[in-house]
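Protein chains in written order, with the working numbering: chain A, 1 to 144; chain B, 1001 to 1423.
Glycine residues also receive a C-beta, built at the ideal position from the N, C-alpha and C atoms.
Presented below is the structure to which this report refers.
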């Protein structure tokens, strides 16, 4: 059963996280934590012509948290803000079990499906995504 | 000659705990999360069932036979608990739902009444949130400030400048007898003496000590002593506040309601005597009776024997954990100075991943900051994994735990990291 949680793709993103660090200067910067378990993540991003051109994460997290953040950065870079929000929304729905995971077209994201069998770890997988959403909200609030 | 638990006795003890006889994910359960809560022996579960099945009634209220029996058992448990911690009288033992409620009672009743702007509360960096957050609330309301005793690199308290830290403004010194992360056993008598010289009141958090060692509140000379029943083979929502009588008598009630009054008029009330003044409403009757039986159980085994057993298990765990260059253990190396728990990191592998790995092998450990975020911030860590032992744990279980760590290390490819406070 552990193999379903720690898929090869997850372990790869955990051992070699993509887009780890800080975007500087950045348009958004948000901090998120899971107070019960000690996962912490910082998200920073830069927009250009309405698209996310740089998105990085930093912090101390478990394998699931780190891999999920890493996969997320790959999925969101190049997206517009509405597109990114939509993708995050549908991922969070899947992690709540409200909609089912897609197939191969999801790419590395599909590897996170196994987390659903470990309910206590779902919040690890969603931390970076929720934090990014928060960052987007702060960005929108600033502009309005 | 120090008595230890031999093989036969240990097996008998394990048989007393129904929950231990099960498999988790197909593997025999190894329960190493005793600092969070302990398992309950059959006698405690039976005592609570017996109350509900044969003499459930409210206490101190009825004239009928059931009420009389319930009251008798409820008060008999108080006497046993008082004796267990060597409190001078049962009246100085107040039933609460646990350590958190006991500390909040002192914070809201004693501290809110007696502290003012500029007063100081001295505490440590190794306190549980339950011995931290209530004092933040007191400071917000009264204007008092928090000061902390520093840590030595080995996880003990730096007490060489204690006399300078305690000033005439220090009104309260509040300290844990045993850290739930570092395992450090603190010299609370020495701290109490220094505090009393300046007229400060001393609260000792015994949540992690009372379950594991003989405690004598008069020998510690603390003014308040608090602990939970659920970590010492007792039920959840059972617990105790012990206080020196003069202090308790001078304190206003914490909560108002039935039981805590003497007479109620149209606009005021007079209050009941100790300990009832602090036990408003129908109390946790079944739980307190259960705690009394837990105390009997632990006394029957012997607290010195339990402490000795845990020292041996902890020493064995520490020795075996040295097989890993990647493991950093926090707190004192010497088992004389630490209790039966080990918080650690395995290289850069997150505690969460270790705990999930452990669970798959039937090993229950804790991962996270263990309700001690200030300590983890001080150590520069987001989380640690923690194995905590009790009287029913065995060396063979430590072997299963170590084997699991070897697998986790291989799986995640742990890299050693240097840590300032561990070894």
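I'd like the list of long-range same chain contacts for residue i, defined as Cβ closer than 7 Å, with 5 residues on each side in sequence excluded.
| i | result |
| --- | --- |
| residue 1410 of chain B | none |
| residue 1071 of chain B | 1059, 1060 |
| residue 1087 of chain B | 1093, 1217, 1242 |
| residue 1239 of chain B | 1096, 1097, 1098, 1099, 1101, 1102, 1227, 1228, 1229 |
| residue 1015 of chain B | none |
If you reduce the DSSP assignment to three classes, tell me which class residue i lands in.
| i | result |
| --- | --- |
| residue 1068 of chain B | helix |
| residue 135 of chain A | helix |
| residue 1420 of chain B | Confidence at residue 1420 of chain B is low in this model, with a pLDDT of 37, below 50, so its placement is unreliable and the value that follows should be read with caution. Coil, per DSSP. |
| residue 1171 of chain B | strand |
| residue 55 of chain A | strand |
| residue 114 of chain A | helix |
| residue 1123 of chain B | strand |
| residue 1084 of chain B | helix |
| residue 96 of chain A | coil |
| residue 1323 of chain B | coil |
| residue 1130 of chain B | helix |
| residue 1050 of chain B | helix |
| residue 1058 of chain B | coil |
| residue 6 of chain A | coil |
| residue 1205 of chain B | strand |
| residue 1028 of chain B | strand |
| residue 1379 of chain B | helix |
| residue 1410 of chain B | helix |
| residue 1096 of chain B | strand |
| residue 1215 of chain B | coil |
Can you check whether the CB of residue j is closer than 8 Å to the CB of residue i?
| i | j | result |
| --- | --- | --- |
| residue 1032 of chain B | residue 1363 of chain B | yes |
| residue 1314 of chain B | residue 1389 of chain B | yes |
| residue 1293 of chain B | residue 1043 of chain B | yes |
| residue 40 of chain A | residue 1385 of chain B | no |
| residue 1212 of chain B | residue 1176 of chain B | no |
| residue 1147 of chain B | residue 1122 of chain B | yes |
| residue 1311 of chain B | residue 1003 of chain B | no |
| residue 1124 of chain B | residue 1157 of chain B | yes |
| residue 80 of chain A | residue 50 of chain A | yes |
| residue 69 of chain A | residue 10 of chain A | no |
| residue 15 of chain A | residue 1413 of chain B | yes |
| residue 129 of chain A | residue 77 of chain A | no |
| residue 1190 of chain B | residue 1159 of chain B | yes |
| residue 1280 of chain B | residue 1256 of chain B | yes |
| residue 123 of chain A | residue 1 of chain A | no |
Which same chain residues, not among the five before or five after residue i, have their C-beta less than 8 Å away from its C-beta?
| i | result |
| --- | --- |
| residue 1107 of chain B | 1134, 1135, 1137, 1138 |
| residue 1035 of chain B | 1180, 1208, 1231, 1341, 1366, 1370, 1386, 1388 |
| residue 90 of chain A | 99 |
| residue 138 of chain A | 28, 30 |
| residue 1017 of chain B | 1039, 1040, 1041, 1042, 1392 |
| residue 1321 of chain B | 1327, 1329, 1342, 1344, 1402, 1405 |
Per DSSP, what are the beta-bridge partners of residue i in this structure?
| i | result |
| --- | --- |
| residue 1228 of chain B | B/1239 |
| residue 1033 of chain B | B/1388 |
| residue 1344 of chain B | B/1329, B/1385 |
| residue 1368 of chain B | B/1384 |
| residue 1016 of chain B | DSSP output for residue 1016 of chain B lists no bridge partner at all. |
| residue 1338 of chain B | B/1184 |
| residue 44 of chain A | A/29, A/56 |
| residue 1178 of chain B | B/1185 |
| residue 1045 of chain B | Partner(s): none; residue 1045 of chain B has no beta bridge. |
| residue 1363 of chain B | B/1030 |
| residue 1147 of chain B | B/1122 |
Using a C-beta cutoff of 8 Å, does residue i count as contacting chain D?
| i | result |
| --- | --- |
| residue 118 of chain A | No chain D appears in this structure, whose protein chains are A and B. |
Short of 6 Å in beta carbon distance, which residues of its chain neighbour residue i, apart from the five on each side in sequence? Order them along the chain.
| i | result |
| --- | --- |
| residue 1317 of chain B | 1342, 1398 |
| residue 1358 of chain B | 1365, 1404 |
| residue 1119 of chain B | 1144, 1169, 1171 |
| residue 1368 of chain B | 1383 |
| residue 1154 of chain B | 1332 |
Return yes when the C-beta of residue i is under 7 Å from any heavy atom of the ligand FMN, and no when it is not.
| i | result |
| --- | --- |
| residue 80 of chain A | Among the components modelled here there is no ligand, and therefore nothing to report on the ligand FMN. |
* Asked: Which residues, in chain order, does the segment 33 to 62 of chain A contribute to contact with chain B at a C-beta distance below 9 Å?
  -> Of all residues in the segment 33 to 62 of chain A, 33, 34, 35, 36, 37, 38, 39, 40, 59, 60, 61, 62 have a Cβ within less than 9 Å of some Cβ in chain B.
* To do: Could you list the residues in the segment 13 to 34 of chain A with a C-beta less than 7 Å from some C-beta on chain B, going in chain order?
  => 15
* Asked: If you measure beta-carbon to beta-carbon, which residues of the segment 87 to 102 of chain A are closer than 8 Å to chain B?
  -> The residues in question: there are none.
* Asked: If contact means a Cβ-Cβ distance below 8 Å, which residues of the segment 1037 to 1053 of chain B contact chain A?
  -> none
* the segment 1089 to 1101 of chain B: which residues have C-beta closer than 9 Å to a C-beta of chain A, in chain order? -> none
* Taking only beta carbons into account, state which residues of the segment 1227 to 1241 of chain B come closer than 8 Å to chain A, listed in chain order. => none
* To do: Residues of the segment 1387 to 1413 of chain B with a CB closer than 9 Å to any CB of chain A: list them in chain order, please.
  => Per Cβ criterion, the list reads 1411, 1412, 1413.
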